[in-house]
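Quick note, the sequences are listed as chains B and R, same order.
In terms of our numbering, the first sequence opens at residue 110 and continues consecutively.
In terms of our numbering, the second sequence opens at residue 110 and continues consecutively.
Working notes for the structure below.
There are 2 protein chains.
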Amino acid sequence: MNNTIERICKIYGYLAVQEQSGADFISSKELAEAIGTTEYTVRKDFSVLDIKGYTRKGYEVKSLKEKLGVKFRLNKERRACIVGLGRLGTALLDYEHFQNDGFEIIAGFDSSINKIERIQTKIDVFPVGALAEVVSSRGIELGIITVPAKAAQEIADVLIRAGVKGILNFSPVKLNVPKDIVRLDMDFTNALRFIAAKFVIQNK
Amino acid sequence: MNNTIERICKIYGYLAVQEQSGADFISSKELAEAIGTTEYTVRKDFSVLDIKGYTRKGYEVKSLKEKLGVKFRLNKERRACIVGLGRLGTALLDYEHFQNDGFEIIAGFDSSINKIERIQTKIDVFPVGALAEVVSSRGIELGIITVPAKAAQEIADVLIRAGVKGILNFSPVKLNVPKDIVRLDMDFTNALRFIAAKFVIQNK
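What follows is the structure, encoded as structure tokens:
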């Protein structure tokens with residue numbers, strides 16, 4: 110199911126761009142190319158999800174996006190926070206593309222009071238001691254972890270106890286989370302490794 | 110094949126950690142859990158790749174890592190550069206985990222001479238006009254793009270003409286690249302979308 114969810118999320122993002130640029134219809138071929146899969150896979154995903162509406166012109170962009178949005182609740186605004194305001198954390202704090210897509214970063218946290226006081230951002234920033242309280246009182250559903258490796262598990266535990274549904278983890282640590290919590294690791298090294306390995310395989 | 114390559118890269122990273130911590134053997138069950146897939150899938154991947162050596166104690170960590178390293182050339186050191194030295198770019202410039210895993214960031218580029226002059230890093234930094242020359246003369250194989258959306262395609266074109274094999278793209282743009290070049294997009298918004306969608310599906 111993970112692969113289907115991943116593809117649907119990419120398709121949803123692509124449909125959002127197409128909708129903004131005024132496209133009315135889209136073919137499964139174009140969707141497949143945009144997200145790097147086959148037309149067959151796109152059609153199979155939609156069939157499993159009982160998504161209909163393929164006409165000679167293709168799928169209607171707006172209605173397809175709406176259907177996927179409802180099915181996966183991608184049409185809901187969700188609040189996120191960032192823990193760890195080093196260079197990566199502060200870069201993400203003001204990453205404007207989140208907001209266009211229904212995600213709002215509403216708080217940042219760091220263990221250094223000095224850093225909290227000096228940081229220049231429009232987002233509210235707090236000492237990490239306030240994490241549990243702010244997450245639960247402000248309805249934050251997603252936690253983004255950009256702290257050093259040794260602090261990551263403890264931060265994850267606090268986030269989960271405070272009620273987040275998922276964690277986007279940038280630290281190079283395998284976090285332990287309960288089964289009902291979604292964890293996704295952004296592993297930059299693995300991304301480079303994938304590129305290198307794929308180049309080797311496809312040019313053999 | 111993409112999914113197999115992705116899993117193998119994650120397994121390779123996990124084996125590197127296990128090797129460093131002194132583990133001798135590892136089961137396909139542990140590998141599966143570590144990378145978030147099933148034991149069946151791990152065994153199937155290995156069988157497709159003709160990887161043998163499963164004993165009662167499991168796979169020998171060192172030998173399995175070596176086999177995968179040779180097959181996917183993951184044992185080769187590769188040079189990378191970062192184009193766009195904003196906060197994300199500079200965070201990646203000094204990301205120490207790359208180096209432990211065979212990737213070396215050897216150059217950074219930015220269009221602002223002012224930024225180039227003020228930046229504090231041990232990595233060599235250059236004006237973006239030097240990109241083609243530095244990439245080809247220093248044997249850089251991987252380009253990491255952290256420039257704003259409107260500059261991304263042009264930078265990708267220069268990188269490719271200068272001889273990179275793959276591009277790790279952090280800009281929110283679908284880059285056009287020739288078929289033999291590997292492109293991987295790091296889409297932070299899509300990562301949050303995946304977490305939100307998966308939470309909805311698994312807790313239905």
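We put the beta carbon where it would ideally sit given N, CA and C, even for glycine.
Just so it is clear, the structure is predicted and the values come from calculations on it, not from any experiment.
Quick one: list the residues of chain R neighbouring residue i, beta-carbon separation under 8 Å, in chain order.
i, result
"lysine 153/B", "None at all; the shortest Cβ gap to chain R is about 15 Å."
"glycine 122/B", "Asp296, Thr298, Asn299 and Arg302"
"isoleucine 310/B", "Met110, Ile114 and Phe181"
Can you give me the Cβ contacts of residue i inside the same chain, cut-off strictly under 6 Å, excluding the 5 residues immediately before and after it?
i, result
"glycine 217/B", "Ile191, Leu194, Leu202, Ile232 and Val234"
"leucine 244/R", "Note that residue 244/R corresponds to valine in the displayed sequence, not to leucine. Answer for valine 244/R: Ala271, listed in chain order."
"leucine 140/B", "Ile120 and Val151"
"alanine 132/B", "Val170"
"alanine 70/B", "Not covered by the structure: residue 70/B. The range shown for chain B is 110 to 313."
"glutamate 148/B", "Ser137, Lys138 and Ala141"
"methionine 295/B", "Phe279"
"leucine 183/B", "Tyr121"
"glycine 178/R", "Asn184"
Who are the Cβ neighbours of residue i in its own chain at under 7 Å, not counting the five residues just before and after it?
i, result
"leucine 158/R", "Lys180"
"valine 237/R", "Val192, Phe218, Asp219 and Ser220"
"isoleucine 269/B", "Val286, Pro287 and Ile290"
"lysine 166/B", "Phe134"
"lysine 370/R", "Not covered by the structure: residue 370/R. The range shown for chain R is 110 to 313."
"glutamine 262/B", "Val282, Leu284 and Asn285"
"alanine 265/B", "Ile254, Ile276, Leu284 and Val286"
"lysine 176/B", "Ile160"
"threonine 146/B", "Arg116"
"valine 126/B", "none"
Report, in whole angstroms, the separation of the C-beta atoms of residue i and residue j, which I expect to be a contact under 8 Å.
i, j, result
"threonine 199/R", "isoleucine 228/R", "7 Å"
"valine 273/B", "glutamate 250/B", "6 Å"
"leucine 124/R", "lysine 174/R", "4 Å"
"glycine 122/R", "asparagine 112/B", "At roughly 20 Å, the Cβ-Cβ gap does not stay under 8 Å, so glycine 122/R and asparagine 112/B are not in contact."
"isoleucine 114/R", "isoleucine 310/B", "6 Å"
"phenylalanine 303/R", "tyrosine 204/B", "Going by Cβ atoms, the distance from phenylalanine 303/R to tyrosine 204/B rounds to 16 Å, so no, they are not a contact pair."
Below 7 Å on C-beta distance, what does residue i contact in chain B?
i, result
"glutamate 115/R", "Phe303"
"lysine 119/R", "Asn299"
Would you say residue i reaches chain B, if we count a Cβ-Cβ gap shorter than 8 Å as a contact?
i, result
"leucine 293/R", "yes"
"alanine 306/R", "yes"
Determine the chain B residues that contact residue i at a beta-carbon separation under 9 Å, and present them in chain order.
i, result
"tyrosine 204/R", "Leu197, Phe297 and Thr298"
"phenylalanine 207/R", "Phe297, Thr298 and Leu301"
At a Cβ threshold of 8 Å, is residue i touching chain R?
i, result
"phenylalanine 212/B", "yes"
"alanine 200/B", "yes"
May I ask you to check if the CB of residue i is nearer than 7 Å to at least one heavy atom of the ligand GTP?
i, result
"valine 237/R", "Because no ligand of any kind appears in the structure shown, any question about the ligand GTP cannot be addressed here."
Under 8 Å Cβ-Cβ, which residues of chain B neighbour residue i?
i, result
"leucine 360/R", "In the structure displayed, chain R extends from 110 to 313; residue 360/R sits before or after that span and is not available."
"arginine 96/R", "Outside the shown range of chain R (110 to 313) lies residue 96/R, about which nothing can therefore be said."
Listing by chain order, which chain R residues have their CB less than 9 Å from the CB of residue i?
i, result
"alanine 143/B", "Lys283"
Apart from the five residues on each side of it in sequence, which residues of its chain come closer than 8 Å, Cβ to Cβ, to residue i?
i, result
"leucine 197/B", "Thr255 and Phe279"
"glutamate 213/B", "Glu186, Arg187, Arg188, Ala189 and Phe207"
"isoleucine 215/R", "Arg188, Ala189, Cys190, Ile232, Asp233, Arg247 and Ile249"
"alanine 239/B", "Phe218"
"glutamate 128/R", "Val170, Lys171 and Lys174"
Worksheet entry | Under 9 Å (Cβ pairs) to chain R, residues found in the region 259–291 of chain B | Residues passing the 9 Å Cβ filter: Lys274, Gly275, Ile276, Leu277, Pro281, Lys283, Lys288, Asp289, Ile290 and Val291.
Worksheet item: Of the residues that make up the region 214–241 of chain B, which ones have a beta carbon closer than 7 Å to any beta carbon in chain R?
Response: So the list is empty, because no residue satisfies the distance condition.
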